[in-house]
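What follows is one structure encoded as structure tokens, with my remarks underneath.
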Amino acid sequence: MSGNPVTMLAKKFLLSKASDGFLSFIAWVSVVGVALGVLSLTVVTSVINGFEGELIKTITGMNGDVVLYSRGDPVGDAPAVEEKIRRVLPAAEAITPSFMAELMVSGPDGVAGAVIDGIDSATFGSVTSVASHVVQGRMPEKEGEIALGASLASRIGVFEGNQVRIIVPFVQDKSGATGADTGGMSAPKVFKARVSGIIKMGMHDYDSKFMFAPMLDVQKYLDYPGRVTSFRIKLRDGSDSRRASDALSANFGYPFRAKDWGQQHKNLFYAIQLEKAVIAVILTVIVIVAAFNVVSTLMMMIHDKTKELAILKAMGLRPAQGFALFCYTGMGIGAVGVAVGVAVGMVLNKILERTRIINLPADIYYIDYLPVIVRWNEIALVGLVALLITFAATIYPSWRAVKRSPLDGLRYE
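The sequence shown begins at 0 in numbering that gives the first Met the number 0 and counts up one residue at a time.
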């Protein structure tokens, strides 16, 4: 006979039919319990990873890796600022200036508050991926053109080619007049623009609020010619974004401040990590409950195999071998459960990834579908934890088995 006899006996115990069918049923319940726990952890961790990854992709696609912005008035001499950015960050691959402001936009179906983003069409595409998310028309290139987020366009009832009115509620009066009627602010201004395109970034905050126009137009709307409010920066290595933002903040004084993609949405990413940890703990409880089924299965198996175990001990089975015998049996249940859970979980992940059959309300979940990113190191960790929990569940029944005297099984034979 070849192979490890203890392993072969464990396989025989696991696959042999019990004196009644109930033991086999409990064993399969244990396998299913472990599989459900592993399956749930496999799918949920992949979905949360996908959710986080899609948010990062969308945020960096909108803003680049780092944004340097002015906390005060818009700044002039953008080329000098860009030159200093490149000195501070030699790893900067591309930089694009922008002018952002909050105003209002009017269409056939109403008026909505919005953020207008004045862009430099020559450099905007080298830092962001916004142009790849245009679902109608194109990005604005000429004077008097504007592109709107899909949800914003739907709210005010406009499509490509329609005309909208840009309403600047008030701007600082630079004439020096300070009458009581104006409070130092000029009267609202209204400008007309043609919708050149509709953009769907897939993130509600962007699709419902943002619109893009040539920078010269936005500077004219706000009466800040030649000035900008921020600089988007793309790095050669996006993983250096935190170090880059710290370096910019240290080298640029007031009114500048730098934030990387994580700092721009710090609370959101913290909530995602917290949610991931809590869900992992809750789903691990499923595996622990399944482990109690493993304990029950082994205890019943020990009772069912009392005669065989007594004969083996009488033939010289050592306590360590008896302990290993039932540990292997319990681990076999755990291994089958882990294998089934991972396999079915990966199939579900692939279905979710390819079909996007589950739609989410974007105004609640930020994105409108269920993304999936599989990280094999996390899947391996899930399987390992499940096996360790199963192993821990085998210790007490295995110890009970080796403590029994051979006479207990042979007394009535």
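For every residue, glycine included, the Cβ atom is placed at its ideal position computed from N, Cα and C.
Which value, in whole angstroms, describes the spacing of the CA atoms of residue i and residue j?
i      : j      : result
Tyr269 : Lys233 : 23 angstroms
Val337 : Met99  : 52 angstroms
Val126 : Val294 : 57 angstroms
Thr177 : Gly160 : For Thr177, the predicted model reports a pLDDT of 42, less than 50, meaning its position is unreliable; a value from the coordinates is still stated below. Answer to the nearest angstrom: the Cα atoms are 40 angstroms apart.
Gly136 : Arg242 : 38 angstroms
Gly252 : Arg70  : 11 angstroms
Lys275 : Val129 : 29 angstroms
Ser397 : Leu380 : 25 angstroms
Ile287 : Thr122 : 55 angstroms
Thr181 : Pro168 : Because the pLDDT at Thr181 is just 49, under 50, the model does not fix this residue reliably, and the value given afterwards should be weighed accordingly. Going from the Cα of Thr181 to the Cα of Pro168 covers about 12 angstroms.
Ala385 : Thr328 : 15 angstroms
Glu352 : Gly201 : 16 angstroms
Val134 : Phe158 : 11 angstroms
Gln162 : Val194 : 6 angstroms
Ala111 : Phe291 : 57 angstroms
Asn358 : Ile350 : 14 angstroms
Thr389 : Val31  : 13 angstroms
Lys265 : Ile356 : 29 angstroms
Met345 : Val335 : 15 angstroms
Ile285 : Gly52  : 27 angstroms
Gly156 : Lys83  : 43 angstroms
Pro360 : Cys326 : 48 angstroms
Tyr102 : Gly75  : First, the amino acid is wrong: residue 102 is Leu here, not Tyr. Using only the alpha carbons, I get a separation of about 21 angstroms.
Glu377 : Phe255 : 39 angstroms
Trp27  : Ser238 : 46 angstroms
Lys141 : Met214 : 10 angstroms
His203 : Trp375 : 30 angstroms
Lys188 : Ile145 : 17 angstroms
Are residue i and residue j close, meaning C-beta to C-beta below 8 angstroms?
i      : j      : result
Gly340 : Ala212 : no
Leu38  : Val343 : yes
Met330 : Ile25  : no
Ala113 : Val104 : yes
Ala192 : Ile165 : yes
Phe190 : Tyr223 : no
Ile372 : Leu54  : no
Val227 : Pro370 : no
Let's test the definition: count the other Cβ atoms within 10 Å of the Cβ of residue i and tell me whether it reaches 16, buried, or not, exposed.
i      : result
Leu67  : buried
Gly225 : exposed
Thr59  : buried
Asp119 : buried
Leu387 : exposed
Asp64  : buried
Gly196 : buried
Ala392 : buried
Arg231 : buried
Asn62  : buried
Val80  : buried
Ser240 : buried
Arg399 : exposed
Ile115 : buried
Asn348 : buried
Tyr395 : exposed
Thr354 : exposed
Pro139 : buried
Ser441 : Nothing about residue 441 can be reported from this structure: the residues present for the chain run from 0 to 412 only.
Leu40  : buried
Leu273 : exposed
How many whole angstroms separate the CB atoms of residue i and residue j, which I take to be in contact at a CB cut-off of 8 angstroms?
i      : j      : result
Phe50  : Ile271 : 7 angstroms
Gly414 : Arg154 : A query on residue 414 cannot be resolved here, the shown segment of the chain reaching from 0 to 412 and no further.
Gly382 : Val33  : Going by Cβ atoms, the distance from Gly382 to Val33 rounds to 10 angstroms, so no, they are not a contact pair.
Ser29  : Ala289 : 6 angstroms
Gly143 : Asp236 : Gly143 to Asp236, Cβ: 39 angstroms. No contact.
Pro96  : Ala77  : 5 angstroms
Gly36  : Leu282 : 6 angstroms
His132 : Lys199 : 6 angstroms
So that I know if they touch, is there some Cβ in chain B lying closer than 8 angstroms to that of residue i?
i      : result
Gly112 : Protein chain content of the structure displayed is limited to a single chain, and chain B is not contained in it.
Three or more C-beta pairs below 8 angstroms linking the region 239-247 and the region 82-102
yes
Cβ pair count under 8 angstroms reaching 3, the region 145-152 against the region 207-223:
yes
Using a Cβ distance threshold of 8 angstroms, determine whether the region 257-266 contacts the region 39-48, with at least three qualifying pairs required.
Output reads no: the region 39-48 does not touch the region 257-266.
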